[in-house]
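Colleague:
There are 2 protein chains.
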Amino acid sequence: MARPRSFDENQVLETAMRTFWAHGYESTSTRDLCDALGLDRSSVYNAFTNKRELFKRALTRYMDATTADQLQILEDPGRPPADRIRALFARILRTEAENRRDGYGLGCLTVNTTMELAGRDPEIALMLERDAERRLAALAAIIGVGQRDGGIGSARDAAALARFVNAVIAGIRVAAQGGADDAALEAIAAAAMDALV
Amino acid sequence: MARPRSFDENQVLETAMRTFWAHGYESTSTRDLCDALGLDRSSVYNAFTNKRELFKRALTRYMDATTADQLQILEDPGRPPADRIRALFARILRTEAENRRDGYGLGCLTVNTTMELAGRDPEIALMLERDAERRLAALAAIIGVGQRDGGIGSARDAAALARFVNAVIAGIRVAAQGGADDAALEAIAAAAMDALV
DNA sequence: CAAATTCTGCATCGATCGATGCAAAAAGGA
DNA sequence: TCCTTTTTGCATCGATCGATGCAGAATTTG
């Protein structure tokens, strides 16, 4: 009954996500986006309302994919809990290595957005907090299991240890954006594991 | 022989530093700055060349003050090495608590700038790396002393442990900007100490 | 084929950005 | 007091920002 769209919405979101990821929200202009997307601005505004809504869609896509990937690692029944945390760190290190360009990592869109927008956009801050809660809950659950079966020797509150692991991951992202190499990032993760086992 | 300036350069740098700290580099317009400073743009451009040079001056001021403060804690001869690291974390937590507004911390201008600019401004990235080197060197030295006198039980390379402590501090800043409360930040620091002693 | 509906391409809007030109104001030195 | 030098206040520059208006193209339905 009407003219169909000339683009695939998922592909647009994927490209928009990578563009925001690489340059940040404010520094990505709608013109930059449309160049990367191969679309006119009016098409983007027609489909996604405005820049901020498009960003929210892209951020949701990133968080859904990333958190699902991390939860899958944390809930792998084939490994003991401590090994799952190790595997999580290994995944962080691998993605940071893959996304390195010009000596600087892209970091993580979640951490980047927390730094850029959480303090002045309550709605986006809430999206980020909900995502963080999911990851913290999964981490705390696995750590609790590890504490009961002895694989994780720390007697600290599991929720506190989950916050610690989450903070170290964020610290690794920051170090990557600051130019740290793979060995430096790996040393951080290895030391963090010492606090758990 | 000529008209004197109506402002104190140090006060201007202090105010500019706090404005950039609160809102970031790109999101602070020259008009925002001049409103905060009580000066006209032409005065600011006359004294500091342009926005980026003013930012570099403000960033240098921040790094000099912050790093000097942290090095003083790390080099306090009255405490054993492990206690100095604990005191460093305590200082981070205190400043984050002091700089909290609307539930969100200001974080740290160094970390904020690393996330916003390090990947696309090589000169500023170099300034940040030099500052990080100073802190890492001091941390590694103190950790080495602690390893030899037994206060720090970890057998890991002192430089690697220094990177770990630095990353945890960055992680605490990120958590603070994400809305974490004092207790959550303290739990992160406490767990990090477990990896050293 | 014609009517209805949506999408696309181009031009452009007002707002804001960093930065500058210029004349008046303010000081010191003669 | 007058000359020289610098700062200051005001107006404004060109570029870019996010966003929109509108006519024509494209497609489904009748």
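From first to last, the protein sequence lines stand for chains A and B.
No gaps in the numbering here: position 64 of the first sequence is 64 in UniProt numbering, and each next residue is one more.
No gaps in the numbering here: position 139 of the second sequence is 139 in UniProt numbering, and each next residue is one more.
The C-beta atom is built at its ideal place from N, Cα and C for all residues, glycine as well.
1) What's the call for residue 148 (chain A), buried or exposed, on a 16-neighbour Cβ count within 10 Å?
2) Please state whether DSSP places residue 151 (chain B) in a helix, a strand or coil.
3) The alpha helix (DSSP H) spanning residue 64 (chain A) covers which residue range?
4) Once you ignore the five residues that flank residue 23 (chain B) on each side, which residues in its own chain have a CB closer than 8 Å to its CB?
5) Answer with buried or exposed for residue 70 (chain A), where buried requires no fewer than 16 other C-beta atoms within 10 angstroms of its C-beta.
6) With a CB to CB cut of under 7 Å and the five nearest residues on each side skipped, what residues in its chain are close to residue 34 (chain A)?
7) Name the DSSP bridge partner or partners of residue 104 (chain B)?
8) Residue 26 (chain B) by DSSP, collapsed to three states: which one?
9) Applying a beta-carbon distance threshold of less than 7 Å, which residues of chain B neighbour residue 99 (chain A)?
10) Residue 158 (chain B) and residue 199 (chain B) - do their beta-carbons sit closer together than 8 Å?
11) For a quick check, are the C-beta atoms of residue 192 (chain A) and residue 163 (chain B) less than 8 Å apart?
12) For a contact meaning CB atoms closer than 7 Å, what does residue 133 (chain A) contact in chain B?
13) Please report the Cβ distance between residue 16 (chain A) and residue 58 (chain A), rounded to the nearest whole angstrom; I am assuming they are in contact, meaning their Cβ atoms lie under 8 Å.
14) Taking the alpha-carbon positions, what's the residue 167 (chain A) to residue 156 (chain A) distance?
15) Just verifying my parser: in three-state terms, what is the DSSP assignment at residue 8 (chain B)?
16) Take the Cβ of residue 72 (chain B) as the centre, count every other Cβ of all protein chains shown within 10 Å, and call the residue buried at 16 or more, exposed below.
17) My guess is that residue 119 (chain A) and residue 173 (chain A) are in contact by the Cβ rule of under 8 Å, so how many angstroms apart are they, rounded?
18) Is residue 177 (chain A) near residue 110 (chain B), with beta carbons less than 8 Å apart?
19) Let's see if you can read the secondary structure: which residues bound the alpha helix (DSSP H) around residue 1 (chain B)?
20) Please go through the same chain and pick out, in chain order, the residues whose beta-carbon is closer than 8 Å to the beta-carbon of residue 195 (chain B), but skip the five residues on each side of it.
21) Using CA atoms only, rank isn't needed, just tell me which of A:126, A:144, A:100 and A:20 is closest to residue 75 (chain A).
22) With the cut-off set at 8 Å, would you say residue 60 (chain A) and residue 36 (chain A) are in Cβ contact?
23) Return yes when the Cβ of residue 181 (chain A) is within less than 8 Å of the Cβ of residue 93 (chain A), no when it is not.
24) Report, in whole angstroms, the separation of the C-beta atoms of residue 179 (chain A) and residue 104 (chain A), which I expect to be a contact under 8 Å.
25) Less than 8 Å between the C-beta atoms of residue 124 (chain A) and residue 56 (chain A), yes or no?
26) Of all the options B:116, B:138, B:189 and B:102, which has the alpha carbon lying nearest to the alpha carbon of residue 121 (chain A)?
Modeller: A quick look at the data gives this:
1) So residue 148 (chain A) ends up on the exposed side.
2) It is coil, neither helix nor strand.
3) Unbroken alpha helix (DSSP H) run through residue 64 (chain A): 51–74.
4) Cβ within range, chain order: 32.
5) Result: buried.
6) So the qualifying residues of the chain are 40, 41 and 44.
7) Note: residue 104 (chain B) sits in a beta bridge opposite B:101.
8) Of the three classes helix, strand and coil, the one that applies to residue 26 (chain B) here is coil, per DSSP.
9) None at all; the shortest Cβ gap to chain B is about 11 Å.
10) Outside the shown range of chain B, which is 1 to 197, sits residue 199 (chain B), and nothing can be said about it.
11) Not in contact: residue 192 (chain A) and residue 163 (chain B) (Cβ atoms no closer than 8 Å).
12) Taking a Cβ-Cβ cut-off of 7 Å, residue 133 (chain A) has no neighbours in chain B, whose nearest Cβ is about 11 Å from it.
13) The pair is a contact, with the Cβ atoms about 5 Å apart (cut-off 8 Å).
14) Answer to the nearest angstrom: the Cα atoms are 16 Å apart.
15) In this structure, DSSP gives residue 8 (chain B) a state outside helix and strand, which the three-state scheme calls coil.
16) Residue 72 (chain B) counts as exposed, since fewer than 16 other C-beta atoms from the protein chains shown sit within 10 angstroms of its C-beta.
17) So it is not a contact: roughly 18 Å between Cβ atoms.
18) Taking 8 Å as the Cβ cut-off, residue 177 (chain A) and residue 110 (chain B) do not qualify as a contacting pair.
19) Element bounds for residue 1 (chain B): n/a, residue is neither H nor E.
20) Taking residue 195 (chain B) as the centre and dropping the five residues before and after it, the same chain places the C-beta of 154, 161 and 164 closer than 8 Å to its C-beta, in chain order.
21) Per the Cα distances, A:144.
22) No. Outside cutoff.
23) At least 8 Å separates the beta-carbon of residue 93 (chain A) from that of residue 181 (chain A).
24) That pair is a contact at about 6 Å.
25) A contact, by the Cβ cut-off of 8 Å.
26) The option with the nearest alpha carbon to residue 121 (chain A) is B:102.
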